[in-house]
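Residue numbers (the numbering used here): 1015 to 1384. All C-beta atoms, glycine included, are put in the ideal place defined by N, C-alpha and C.
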Ligand code: GLY
């Protein structure tokens, strides 16, 4: 092997030869070749923190704005989605990701994240990562600085520290009080009970749920909140991130869909990208985001593809589901899609996005009205 060919590049080159063979003998779809695809030169950044119809999610907009200046400067979609995700991850008031994320049943915040760079067909992920505010940046380091794709738990933390990240307490007072309240109200057969006067950090319970999309709220009131960020840059390359603190009060070590490539996130420079929020177990079982991208490859619009995966999940249970998932998608032409399994009419899921410098919201659909 020449000294200029690294082990990683050698593996990638060998893999590319295999993919080329698939194209020749397969259906003829443009897999792994960037030459034929249309190049979009108007950049776009979007994230799944779109707020409820009639409202907005200020943090989702702030994430997009931070990313937009990268895109307008000719920067990479990969840098844009990292900036968008980091902006949301470090905000202590968002209890669905990063710092301030709701903890597991032991009161420990464990974060999951995935990233992809479709230009180079690279992916990275971390799972059950503790004490680091920006798991999406650690996923990027896994992608760019190792020959692996996923690191979890203590291994992921040690890797982050090796790259200069400092451990920090991710449990905010608000999240700690909310967790304690959950624990004290869990059962009347254990030794804990709540105070006579409710104390959940000064937040009004209704306002707390308002910050979430309905798809993010489990039937028992726990939260699946997650952020998906997707972007196409001026070179016509697409990148994405999914980041989350996962299901609130989960069993320690539980991984949801967010760190699983093809489940909580997938992307392909010939087609587009997709991400998921909501009940992660169903998204893993259906390889949800991968399916959305494959549906788009077969000719569906992003909106049709998001609805098709929601319908697939509903059909898997004979039409009877009491949970929800939300899918978002973006194709290489900058078309958006967004759909949830369940929700109230008037409470459709939304995407926050910026195109042509303007903050906008894309209103999705609900397949099962409740
Ligand atoms: N979709 C986030 C989770 O279930 O962990």
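What is the DSSP secondary structure of residue i, counted as helix, strand or coil?
i            : result
residue 1367 : strand
residue 1245 : strand
residue 1253 : strand
residue 1271 : coil
residue 1146 : coil
residue 1160 : coil
residue 1186 : coil
residue 1351 : strand
residue 1166 : strand
residue 1265 : coil
residue 1116 : coil
residue 1044 : Summary for residue 1044: the model assigns pLDDT 40, below 50, so the residue's position carries little reliability; its value from the coordinates is reported in the next sentence. Here residue 1044 sits in coil by DSSP.
residue 1222 : helix
residue 1172 : helix
residue 1154 : helix
residue 1192 : helix
residue 1198 : helix
residue 1452 : Given that the chain is displayed from residue 1015 to residue 1384, the structure contains no residue 1452 and the question cannot be resolved.
residue 1097 : helix
Where DSSP assigns a beta bridge to residue i, which residues make up the other side?
i            : result
residue 1383 : 1357
residue 1290 : 1341
residue 1372 : 1369
residue 1281 : 1287
residue 1108 : None; residue 1108 has no bridge partner.
residue 1136 : 1131
residue 1377 : 1364
residue 1092 : The partner list for residue 1092 (beta bridge, DSSP) is empty, contrary to what the question assumes.
residue 1126 : 1258
residue 1141 : 1166
residue 1240 : 1258
residue 1231 : 1237
Can you tell me whether residue i sits near ligand 1, meaning its C-beta is under 7 Å from at least one heavy atom of the ligand?
i            : result
residue 1257 : no
residue 1227 : no
residue 1271 : yes
residue 1291 : yes
residue 1125 : no
residue 1063 : no
residue 1396 : No answer is possible for residue 1396: it lies beyond the span of the chain, which begins at 1015 and ends at 1384.
residue 1261 : yes
residue 1386 : Past the edges of the chain, shown from 1015 to 1384, lies residue 1386, and the structure says nothing about it.
residue 1294 : yes
Excluding five sequence neighbours on each side, which residues of the same chain lie with their C-beta closer than 7 Å to the C-beta of residue i?
i            : result
residue 1107 : 1114
residue 1151 : 1096, 1100
residue 1289 : 1062, 1242, 1244, 1254, 1256, 1278, 1279, 1303, 1342
residue 1298 : 1271, 1274, 1277
Ordered along the chain, which non-local residues of its own chain (more than five positions away) have a Cβ less than 6 Å from that of residue i?
i            : result
residue 1120 : 1266
residue 1118 : 1124, 1264, 1266
residue 1354 : 1229, 1338, 1340, 1363, 1380
residue 1373 : 1075
residue 1193 : 1117, 1121
residue 1247 : 1057, 1085, 1090, 1091
Can you list, in chain order, the residues of its chain whose CB lies under 8 Å from that of residue i, leaving out five sequence neighbours each side?
i            : result
residue 1232 : 1238, 1261, 1293, 1337
residue 1359 : 1380, 1383
residue 1361 : 1066, 1067, 1228, 1380
residue 1350 : 1060, 1316, 1317, 1342, 1343, 1344, 1365, 1367, 1376
* Asked: Which ranges does the alpha helix (DSSP H) cover as unbroken runs of at least 4 residues, wholly within the region 1296-1348, from first to last along the chain?
  -> The qualifying runs are 1302-1311, 1316-1330.
* Run through the region 1050-1088 for me and flag every whole alpha helix (DSSP H) of 4 or more residues, listed as ranges in chain order. => 1072-1086
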